[in-house]
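Reading through the C-alpha cells given below for one structure.
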Amino acid sequence: MNEPRLADYVLKYHGNLMSEHERSVNRHLTTLFKQGTGDLPAPGTAMETNHIHSLQRHWLSDDPRVIADAQAGWHAARQRIAERIVRDHPDEVYLNRCPACGALTASPTARICLVCPHTWFHVPRGVR
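Each number in the numbering used here comes from the position in the sequence shown (counting from 1) with 2 added on.
This is the structure in C-alpha cells:
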C-alpha cells in the first residue's frame, strides 16, 4: 500500500487502533515536526526554555525503542503504522474509495472524489 494520503487518513480516522508504542512514536515525531515550525518563543528566553522542557517532559520519548522507530522519519514511520492498522484490523478500518476510479476519499463519509469528478450522493449510505 503505497498511497500518499493513506497514512494521514488511517491515523486521523482510525488512530484509536494504534498500539501504545505506535502512539508514542507518533507523538514523538509530531512533537519534533511541530518543534521546528510555528510561533515558538524567542531563543534563549526563559519562556523558550520552559516551552522546550515542557515538550521534552510530556511529548518527547527517551525510550530507545521509540527513538529507533522514529529514526525512519515522519512519513515512513506513519506509513508503517497505518499499514499495520489496515492489515491487523480489516473489519474495523473502512477505506472509503471512489466507486468510479478507486481513489481514497477525504473521509469515511465523503461522497465526492478528490481525483475524478464523480459523486455518489444518490447512493444510500452503506450500499455500493
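Beta carbons are placed, not taken as given, at the ideal position from N, Cα and C, and that holds for glycine.
Return helix, strand or coil for residue i, following the three-state DSSP convention.
i	result
T111	coil
R7	coil
R106	Note that residue 106 is Leu in the sequence shown here, rather than Arg. Of the three classes helix, strand and coil, the one that applies to L106 here is strand, per DSSP.
Which whole-angstrom value describes the C-beta separation of residue i and residue j, a residue pair presumed to lie in contact below a C-beta threshold of 8 Å?
i	j	result
D117	C100	The residue you asked about is not Asp; residue 117 is Val in the sequence shown. 7 Å between Cβ atoms; contact.
With a threshold of 8 Å on Cβ separation, who are the neighbours of residue i within its own chain once the five nearest residues in sequence on each side are excluded?
i	result
R80	A9, D10, L13, N28, L31
N98	L106, T107, S109, P110, T111, A112
C115	C100, A102, C103, A105, T107, T121
S21	none
L62	H30, T33, L34
Tell me which residues share the same chain as residue i and place their Cβ nearer than 7 Å to its Cβ, disregarding the 5 neighbours each side in the sequence.
i	result
W122	P101, R113
F35	W76
R7	L106
A70	none
Cutting at 6 Å between CB atoms, please list the residues of its own chain near residue i, excluding the five before and the five after it.
i	result
V68	S26, V27, H30
Can residue i be considered in contact with the ligand GDP, in the sense that its beta carbon sits closer than 6 Å to one or more heavy atoms?
i	result
T32	The ligand GDP is not part of this structure, which contains no ligands at all.
Is the segment 6-21 touching the segment 71-87 in the sense that three or more CB pairs, one from each, lie closer than 8 Å?
yes
Counting beta carbon pairs with one atom in the segment 91-106 and one in the segment 26-34, are three or more of them shorter than 8 Å?
Judged by Cβ distances under 8 Å, the segment 26-34 makes no contact with the segment 91-106, as fewer than three pairs qualify.
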